[in-house]
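Q: Below you'll find the structure I mean.
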Amino acid sequence: MMMKINSNRETLIKGIQTIQAGVSSKTGTIPILQNFLMETEDKGLKVVFTDLEMAIKHHIPVEIKGEGSITVPIKKFMEIVQNLGEDSDVNIAVDENSRISILSGKSRFKLGGAPKNDYPVIPDLDESNSFKVPAKLLAEMINSTIFSASTEDDRHFLNGLLWKYEKDLFSLVATDGRRLAIASSKKVKAKKEFKVIVPSKILGELARFIKGAGVKDAEEVTVGLSSNQIGFKIGKTVFISRLVEGNFPAYEQIIPKSHDMEIVINAEKLMAVTKRAAICSNERSGAVKYTFKKDALV
Numbered sequence: 027m028m029m030k031i032n033s034n035r036e037t038l039i040k041g042i043q044t045i046q047a048g049v050s051s052k053t054g055t056i057p058i059l060q061n062f063l064m065e066t067e068d069k070g071l072k073v074v075f076t077d078l079e080m081a082i083k084h085h086i087p088v089e090i091k092g093e094g095s096i097t098v099p100i101k102k103f104m105e106i107v108q109n110l111g112e113d114s115d116v117n118i119a120v121d122e123n124s125r126i127s128i129l130s131g132k133s134r135f136k137l138g139g140a141p142k143n144d145y146p147v148i149p150d151l152d153e154s155n156s157f158k159v160p161a162k163l164l165a166e167m168i169n170s171t172i173f174s175a176s177t178e179d180d181r182h183f184l185n186g187l188l189w190k191y192e193k194d195l196f197s198l199v200a201t202d203g204r205r206l207a208i209a210s211s212k213k214v215k216a217k218k219e220f221k222v223i224v225p226s227k228i229l230g231e232l233a234r235f236i237k238g239a240g241v242k243d244a245e246e247v248t249v250g251l252s253s254n255q256i257g258f259k260i261g262k263t264v265f266i267s268r269l270v271e272g273n274f275p276a277y278e279q280i281i282p283k284s285h286d287m288e289i290v291i292n293a294e295k296l297m298a299v300t301k302r303a304a305i306c307s308n309e310r311s312g313a314v315k316y317t318f319k320k321d322a323l324v
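Its first residue numbered 27, the sequence shown is counted upward by one per residue in this note's numbering.
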């Protein structure tokens with residue numbers, strides 16, 4: 027029996043956008059990476075998209091009339107579905123030659139696909155060594171550190187964030203060799219201590235997803251770790267990425283053990299005055315000088 031499903035247009039679009047947002051659609055030597063995988067499972071549709079660096083899986087509730095799987099060009103598929111009538115039903119059927127028929131109202135489209143066997147195998151989340159983090163806490167910790175990570179440094183370990191769990195303290199650390207940011211929490215309990223470097227790309231997408239998906243305050247992210255990959259599961263969505271190889275800088279050594287003065291200042295006011303002063307800064311350096319006087323910052 028060939029694959030057949032029926033879905034609401036808006037539900038289908040939202041589900042595909044979830045996997046499309048964080049993954050780059052590659053061309054060139056691996057054309058299959060322009061496709062995403064659709065596969066029936068658990069009274070719904072599993073959709074997967076990968077660029078070999080990271081992958082996103084999502085479960086879409088649909089009516090299944092025939093089980094199966096297919097990979098489909100994601101850009102062309104989305105162009106078709108987004109131009110169908112609003113709040114319409116979309117019927118999708120796949121024949122034995124991997125041809126996809128898309129029907130909605132009086133509209134009919136046919137699209138060439140490829141078998142599931144042609145698509146990269148995406149590992150499942152490893153829950154044997156997993157722990158949970160409050161979703162909003164994790165997004166806050168990522169956003170508090172990720173700006174200090176490099177993006178295209180030849181030292182690949184600087185393009186990620188150090189994840190560390192030691193002595194019951196969970197920490198995220200980022201540095202580009204000039205800046206250093208650390209966020210820590212004791213609200214996270216893992217099964218054992220670890221140190222891994224996670225690509226900043228997937229963490230940025232995870233934080234954006236948590237913010238944009240209307241995640242509830244009590245919702246948690248399940249984090250699964252293996253020897254070379256990390257996975258994040260929140261609701262019906264899973265993010266998978268390889269870990270970054272290399273040794274993260276010994277950042278503890280550059281943190282002063284003592285200091286001559288301590289300054290306490292309102293963070294929002296500091297940000298506001300810094301932005302105003304930065305308007306007149308050198309475009310190349312972007313430097314802003316702080317002069318501290320008694321009870322005042324100039």
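For glycine and all other residues, C-beta sits at the position ideal for the given N, C-alpha and C.
Scan the segment 81-119 and note each continuous alpha helix (DSSP H) run of 4 residues or more that stays entirely inside, going in chain order.
A: 100-108
Q: State buried or exposed for L151, treating a residue as buried only when at least 16 other CB atoms are found within 10 Å of its CB.
A: Taking the sequence shown and counting its residues from 1, one reaches residue 151 at position 125. Classification of L151: buried, given that the 10 Å Cβ count is 16 or more.
Q: Assess contact between the segment 178-194 and the segment 215-228, defined as three or more Cβ pairs (one per stretch) separated by less than 8 angstroms. Is contact present?
A: yes
Q: A119 to F75, Cα distance in whole Å?
A: Walking along the sequence shown from the start, residue 119 turns up at place 93. Walking along the sequence shown from the start, residue 75 turns up at place 49. Taking the straight line joining both Cα atoms gives about 20 angstroms.
Q: Quick one, are the C-beta atoms of V249 and S156 less than 8 angstroms apart?
A: Residue 249 sits at position 223 when you count from the first residue of the sequence shown. Residue 156 sits at position 130 when you count from the first residue of the sequence shown. Yes. Within cutoff.
Q: Quick one: using the 10 Å Cβ neighbour count with 16 as the cut-off for buried, is Y316 buried or exposed?
A: Residue numbering aside, residue 316 sits at position 290 when the sequence shown is read from its first letter. Exposed is the label assigned to Y316, since fewer than 16 other Cβ atoms lie within 10 Å of its Cβ.
Q: Of the residues I56, G261 and M29, which one's Cα is nearest the Cα of V241?
A: Position 215 of the sequence shown, counted from the start, is the residue given in the question as residue 241. Among I56, G261 and M29, the Cα nearest to that of V241 belongs to G261.
Q: Using DSSP's beta-bridge definition, name the partner residues of Y191.
A: Here residue 191 is taken as the residue at index 165 of the sequence shown, counted from 1. The bridge partners DSSP lists for Y191 are F196 and F220.
Q: Using 8 angstroms for Cβ pairs, my map puts F135 next to I100. What's the rounded Cβ distance?
A: Here residue 135 corresponds to residue number 109 of the sequence shown, with the count starting at 1. Here residue 100 corresponds to residue number 74 of the sequence shown, with the count starting at 1. Incorrect: roughly 15 angstroms between the Cβ atoms, too far for contact.
Q: Looking only at its own chain, which residues have a Cβ that is under 7 angstroms from the Cβ of N34, when we skip the five neighbours before and after it?
A: Here residue 34 corresponds to residue number 8 of the sequence shown, with the count starting at 1. Answer for N34: D115, listed in chain order.
Q: Note down the Cα distance separating F235 from K319, rounded to an integer number of angstroms.
A: Start at 1 with the first residue of the sequence shown, and residue 235 comes out as number 209. Start at 1 with the first residue of the sequence shown, and residue 319 comes out as number 293. Cα to Cα, F235 sits roughly 42 angstroms from K319.
Q: Hey, would you say S211 sits closer than 8 angstroms to L251, going by beta carbons?
A: In the sequence shown, counting from the first residue as 1, residue 211 sits at position 185. In the sequence shown, counting from the first residue as 1, residue 251 sits at position 225. Going by C-beta atoms, S211 is not nearer than 8 angstroms to L251.
Q: Just to confirm the assignment, what range does the beta strand (DSSP E) spanning S133 have?
A: Walking along the sequence shown from the start, residue 133 turns up at place 107. S133 to G138 is the span of the beta strand (DSSP E), which, as asked, contains S133.
Q: So, using beta-carbon positions, are I372 and Q255 closer together than 8 angstroms?
A: Outside the displayed range of the chain (27 to 324) lies residue 372, so it cannot be described from this structure.
Q: If the criterion is Cβ atoms closer than 8 angstroms, does the pair P275 and T201 meet it?
A: To locate residue 275, count along the sequence shown from 1; it is residue 249. To locate residue 201, count along the sequence shown from 1; it is residue 175. Yes. Within cutoff.
Q: Do the segment 166-185 and the segment 87-96 meet, that is, are 3 or more Cβ pairs less than 8 angstroms apart?
A: No, because fewer than three Cβ pairs between the segment 166-185 and the segment 87-96 fall closer than 8 angstroms, the two stretches do not touch.
Q: Can E246 and A161 be called in contact, C-beta distance under 8 angstroms?
A: The sequence position of residue 246 within the sequence shown is 220, counting from 1. The sequence position of residue 161 within the sequence shown is 135, counting from 1. Contact flag set, yes.
Q: Can you name, in chain order, every residue of its own chain whose Cβ lies under 7 angstroms from the Cβ of L110, other than the five neighbours on each side?
A: As a first step, residue 110 must be located in the sequence shown, where it is residue number 84. The residues are R35, V116, S130 and S133.
Q: Between which two residues does the beta strand (DSSP E) holding Q43 run?
A: What you label residue 43 is simply residue 17 of the sequence shown in a count that begins at 1. Counted as a single uninterrupted DSSP element, the stretch harbouring Q43 is not any beta strand (DSSP E) but the alpha helix (DSSP H) occupying residues R35 to Q46.
Q: Would you mind stating whether L71 and I31 have Cβ atoms separated by less than 8 angstroms?
A: Within the sequence shown, the letter at position 45 stands for residue 71. Within the sequence shown, the letter at position 5 stands for residue 31. Judged by beta-carbon spacing, I31 lies within the 8 angstroms limit of L71, meaning their Cβ atoms are closer than that value.
Q: Buried or exposed for H84, please, with buried defined as at least 16 other CB atoms from any protein chain shown within 10 angstroms of its CB.
A: For the purposes of this step, residue 84 is taken as residue 58 along the sequence shown, with counting starting at 1. When all chains shown are included, H84 counts as buried.
Q: Could you check whether L195 and A209 sit closer than 8 angstroms to each other, using their CB atoms as the reference points?
A: By one-based count along the sequence shown, residue 209 stands at place 183. By one-based count along the sequence shown, residue 195 stands at place 169. Against a cut-off of 8 angstroms, the Cβ pair of L195 and A209 comes out as no contact.
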